[in-house]
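This report concerns only the one structure given below.
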Amino acid sequence: MDGRRVRPHERGAHDAGPAAHTVERRHPPGGCDDPRDLDRCSLPSREKVAYLTFDDGPNPAHTPAVLRILDAYGAKATFFMVGEEATRFPALVRAVRDSGHAIGNHSYTHPWLSSLPEHKAYDEVARTNAAIGGRVTCLRPPGGLEGGPVKAVARKFGLTIQQWTVDTHDWKRPGAPAIVENALTPPDGGGAEPLVILLHDGGGDRGQTVAALPQVLAKLSARGYTFASLPTCTAP
Ligand SMILES: [Zn+2]
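Just so we're aligned, residue 444 is where the sequence shown starts under our numbering, counting upward by one.
Shown next, in the form of structure tokens:
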């Protein structure tokens, strides 16, 4: 355990995977009649998408490094920000947004929202939305814990609760190679679930996460994945 935040070993049941985890591949203009387009047209019509998610930031030591690496791979991701960190580092919130990534609500002070009275959970979520600014559409409750008032509060703010399907355990600092290996381990059920990968850019020393990230991107790319922001967290 590190820092003032308790890191969860377990997560609650999740009921809100992203609505769609595949993206239509664009066929060439004019369709697939031209033999020069055969290569593109013979590919499967849907491509694999991985959703990288970074919790507990923004953090001045790690978020800029994560942004640089994502940029280098042309990857989009989702940042579940803690409101008090967003308040401390508004320039980082802007940098994440300006880089084209999505931002979700991860509470203001990172308590277990499920254990709070509803008005306190409401306050945690409201203050974080205000700190992030713009239109926030998704919530990842700390620890993934959806009990207590969490669902009702999410509903009041029109937020989709967004869990993960792959836990890299990067918060335990198991070493960059282990983080890479964990990121590449398909979710239970043999990959039927969308790949929503839990990583951290804040809440402690995330040097190992930063060190692992290029390998995660390279290896998933080699498996045919592209990287997108979660549709649930992307305001229209
Ligand atoms: Zn967290």
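Virtual Cβ for every residue (Gly too), placed ideally from N, Cα, C.
- Where Arg583 falls, given that 16 or more other Cβ within 10 Å makes a residue buried: Looking at its Cβ environment, which holds 16 or more other Cβ atoms inside 10 Å, Arg583 is buried.
- Message: Would His549 and Val525 qualify as a contact pair, given that the criterion is a beta-carbon distance under 7 Å?
- Response: Contact: yes.
- Query: If you compare alpha carbons, which of Gly547, Gly647 and Pro629 is closest to Thr683?
  - Reply: Any answer about residue 683 is impossible in this case: the structure gives the chain only from 444 up to 679.
- In angstroms with no decimal places, state the Cα-to-Cα distance between Pro620 and Ala655. Approximately 7 Å, taken between the alpha carbons.
- Name, in chain order, the residues that DSSP records as bridge partners for Val639. Per DSSP, Tyr494.
- Mind checking who Thr603 pairs with in its DSSP beta bridge? Thr603 is bridged to Cys581.
- Item | Residues near Thr611 in its chain [Cβ-Cβ closer than 7 Å; skip 5 each side] | So the list reads Ile622, Asn625, Ala626, Ile640, Leu641 and Leu642, once near-sequence residues are dropped.
- Task: State the Cα-Cα distance for the pair Thr506 and Ala661, rounded to the nearest angstrom.
- Result: So the alpha carbons of these two residues sit roughly 19 Å apart.
- Query: Would the beta-carbon of Pro682 be found less than 6 Å away from any heavy atom of ligand 1?
  - Reply: Here the chain comprises residues numbered 444 to 679, so residue 682 is not present and cannot be evaluated.
- Task: Pull up the distance between the alpha-carbon of Asp644 and that of Val653, whole angstroms please.
- Result: Roughly 8 Å between the two C-alpha positions.
- Message: Using DSSP's beta-bridge definition, name the partner residues of Ile546.
- Response: Checking the DSSP bridge columns, you'll see Ile546 partnered with Phe522.
- Item | Per-residue burial, Asp445 [other beta carbons within 10 Å of its own, 16 or more giving buried] | Summary for Asp445: the model assigns pLDDT 38, below 50, so the residue's position carries little reliability; its value from the coordinates is reported in the next sentence. Classification of Asp445: exposed, given that the 10 Å Cβ count is below 16.
- Within this structure, are the beta carbons of Glu528 and Pro501 separated by less than 7 Å? Pairing Glu528 with Pro501 gives a Cβ-Cβ distance under 7 Å.
- Query: In three-state DSSP terms, what is Asp541?
  - Reply: Here Asp541 sits in helix by DSSP.
- Query: What are the start and end residues of the alpha helix (DSSP H) that includes His562?
  - Reply: It spans Glu561 to Ile575 - the alpha helix (DSSP H) in which His562 sits, taken as one unbroken run.
- Helix, strand or coil for Asp499 per DSSP? Asp499: coil per DSSP, three-state reduction.
- Message: Can you tell me where the alpha helix (DSSP H) holding Arg511 begins and where it ends?
- Response: Counting along the chain, Arg511 sits inside the alpha helix (DSSP H) bounded by residues Thr506 to Ala515.
- Mind checking Thr608: buried by the 16 CB within 10 Å criterion, or exposed? So Thr608 ends up on the buried side.
- In three-state DSSP terms, what is Asp610? In the three-state reduction of the DSSP assignment, Asp610 falls in the strand class, which pools E and B.
- Item | Where Arg531 sits in the DSSP three-state scheme | Looking at Arg531 - three-state DSSP - the assignment turns out to be helix.
- Task: With a 10 Å radius around its C-beta and 16 neighbouring C-beta atoms as the bar for buried, classify Thr628 as buried or exposed.
- Result: Burial is judged here by how many other beta carbons sit within 10 angstroms of a residue's own beta carbon; Thr628 has fewer than 16 and is exposed.
- Pick from Val536, Pro503, Gly667 and Ala665: whose alpha carbon is nearest that of Ile575? Minimum Cα distance to Ile575 is reached at Val536.
- Buried or exposed: where does Ala534 fall if 16 or more other Cβ atoms within 10 Å of its Cβ makes it buried? Taking every protein chain shown into account, the CB of Ala534 has fewer than 16 other CB atoms within 10 angstroms, so this residue is exposed.
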